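Chains as they are written, first to last, in the working numbering: chain L, 1 to 394; chain P, 395 to 451.
In what follows, a structure is listed as structure tokens, so that the remarks can point back to it.
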């Protein structure tokens, strides 16, 4: 069957990774189609929306309308209520991701990208030399799009890469199952993000409170898939909200999974690049995925552009994307992965004694690394695992 | 058989991310388990954040 449409590149998924890839390629003059199964870009937002200002500005000029709150300090709260405070003059942001992503989509469209929403990717068209297009479905209509290259930015479910033979299935220990409310009418410090740890409240994960301005906050909770049998993130979140914000109004609910895995060993195939959550590139310790997604989207677009210019989108040509990813964030992500494996086994009493040990330290001098280093000193058996943190990653 | 309750499901795709058999069809409007592919490992049921996945056998 002949394709109905043609583009040089088709990007599947209009999250941060897919949007930045499409925008970058369109600005290079590439003929790009971006598809997403959502009816509106960015909706629903399955994300706590936290990001560093400086890091974000590496990728896109910041616009004030994207910002819900500016974060100066972070608290890590132990089950006893004791906490460690990090920083006083941080420069973090809680984004309004809907506005942010709509803006990126508008910029991509202005640069020439064709964007199709409410459009579902149903399979890859494979030829003798790899990926040659996509099957799409929109309102019951089936279409085919031919292309030289597909960029899979389809999020945690990561189905597109599977169709090309890449095993993307996450182990239970490598996924956080999460739920989040947008709470309104609550009393929160609008310059502070809180993380609540504890084996009973959030086994193998944490609860978070990220202010959104005007007495609102993203209040969510994630637990390790390994600990999720017999309970659910939503149940635990409801318990957390009842305990901490009984007066809060639940304005909106989202569920979601966050990959806390090593990134895909091979995030490419002939005619295919895999980016963002789909390539398991989120930070495995924090679950933060916006910056890794933007980095991967940009790197993939650069490699795609160069490979198209050279007329070679073979596996070998596209493997430059993996090299670039490993050089930029891949290696440190692997170190974070090892730290996650260790920290997820810390007992509650270690978190509490850590909070006490650090309570007189100036928050300005505290880093996440120092907090966990202290925790590990208090739980010496884990130092054996922590040694891997200091070995170069493969 | 494993079933996904559409009245509870939030269409977040977490179940799809852990399925080792690619046995969950995730279409425009519907999401369901393909019985002939499913080997009933129950990972989808364990990770669902809202308990929309049930073992109906």
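All C-beta atoms, glycine included, are put in the ideal place defined by N, C-alpha and C.
What you are looking at is a predicted structure, and each value in this text was computed from that prediction instead of being measured.
Residue-chain proximity (residue i, chain L), Cβ-Cβ < 9 Å
i	result
residue 411 of chain P	yes
residue 431 of chain P	no
residue 440 of chain P	yes
residue 401 of chain P	no
residue 449 of chain P	no
residue 437 of chain P	yes
residue 444 of chain P	yes
9 Å Cβ cutoff met for residue i and residue j
i	j	result
residue 166 of chain L	residue 35 of chain L	no
residue 50 of chain L	residue 95 of chain L	yes
residue 155 of chain L	residue 13 of chain L	yes
residue 271 of chain L	residue 153 of chain L	no
residue 434 of chain P	residue 449 of chain P	yes
residue 398 of chain P	residue 441 of chain P	no
residue 231 of chain L	residue 46 of chain L	no
residue 295 of chain L	residue 59 of chain L	yes
residue 404 of chain P	residue 256 of chain L	yes
residue 194 of chain L	residue 74 of chain L	yes
residue 120 of chain L	residue 421 of chain P	yes
residue 348 of chain L	residue 204 of chain L	no
residue 260 of chain L	residue 175 of chain L	yes
Below-9 Å beta-carbon distance, residue i vs any chain P residue
i	result
residue 118 of chain L	yes
residue 4 of chain L	no
residue 139 of chain L	yes
residue 157 of chain L	yes
residue 37 of chain L	yes
residue 282 of chain L	no
residue 170 of chain L	yes
residue 162 of chain L	yes
residue 18 of chain L	no
residue 287 of chain L	no
residue 15 of chain L	no
residue 165 of chain L	no
residue 276 of chain L	no
residue 122 of chain L	yes
6 Å Cβ shell around residue i - same chain, five flanking residues per side excluded
i	result
residue 437 of chain P	412
residue 388 of chain L	The pLDDT assigned to residue 388 of chain L is 41, lower than 50, so where the model puts this residue is not dependable, and the model offers no usable value.
residue 398 of chain L	With chain L covering only 1 through 394, there is no way to say anything about residue 398 of chain L.
residue 10 of chain L	33, 134, 145, 147 and 150
residue 283 of chain L	336
residue 280 of chain L	259, 261, 263 and 264
Member of the options whose CA lies at the smallest distance from the CA of residue i
i	options	result
residue 216 of chain L	L/196, L/190, L/232 and L/233	L/190
residue 68 of chain L	L/83, L/21 and L/182	L/182
residue 233 of chain L	P/395, P/406 and P/422	P/406
residue 17 of chain L	L/274, L/46 and L/327	L/274
residue 329 of chain L	L/349, L/299 and L/306	L/299
residue 223 of chain L	L/285, L/251 and L/266	L/285
residue 303 of chain L	L/176, L/319, L/5 and L/293	L/319
residue 209 of chain L	L/354, L/86 and L/188	L/188
residue 443 of chain L	L/86, L/128, L/249 and L/136	Only positions 1 to 394 of chain L appear in this structure, which leaves residue 443 of chain L out of reach.
residue 171 of chain L	L/258, L/367, L/314 and L/360	L/258
residue 127 of chain L	L/113, L/164 and L/104	L/164
residue 290 of chain L	L/100, L/88, L/219 and L/141	L/100
residue 324 of chain L	L/168, L/86, L/301 and L/38	L/301
residue 180 of chain L	L/321, L/142, L/130 and L/254	L/254
residue 244 of chain L	L/186, L/212 and L/278	L/186
residue 278 of chain L	L/157, L/43, L/84 and L/122	L/157
Own chain partners of residue i with C-beta closer than 8 Å, once the 5 adjacent residues on each side are dropped
i	result
residue 111 of chain L	23, 26 and 27
residue 352 of chain L	78, 79, 80 and 82
residue 201 of chain L	79, 207, 221, 236, 239 and 240
residue 30 of chain L	8, 9, 304, 305 and 308
residue 315 of chain L	130, 268, 269 and 270
residue 226 of chain L	172, 173 and 204
Chain-order list of residues whose beta-carbon lies under 7 Å from that of residue i (same chain, five-residue window excluded)
i	result
residue 432 of chain P	396, 415 and 417
residue 408 of chain P	441, 442 and 443
residue 3 of chain L	133, 144, 145 and 146
residue 374 of chain L	354, 357 and 358
Residue-level contact to chain B via CB, residue i, 9 Å cutoff
i	result
residue 427 of chain P	Absent from the structure is chain B; the protein chains it does hold are L and P.
### Query
If you measure beta-carbon to beta-carbon, which residues of the region 44-72 of chain L are closer than 7 Å to chain P?
So the list reads 46, given in the order they occur along the chain.
### Query
Which residues, in order along the region 250-270 of chain L, keep a beta-carbon less than 8 Å from a beta-carbon of chain P?
Result list: 253, 254, 255, 256, 257 and 259.
### Message
Under 8 Å, CB to CB, which of the residues in the region 174-187 of chain L have a partner in chain P?
### Response
Correct list: 175, 177, 178 and 179.
### Message
Using a Cβ-Cβ cutoff of 7 Å, what residues of the region 189-218 of chain L are near chain P? List them in chain order.
### Response
Residues of the region 189-218 of chain L that bring their beta carbon within less than 7 Å of a beta carbon in chain P are absent altogether.
### Contact set between the region 226-241 of chain L and chain P, restricted to residues whose Cβ is under 8 Å from the partner
Residues 228, 229, 232, 233, 234 and 235.
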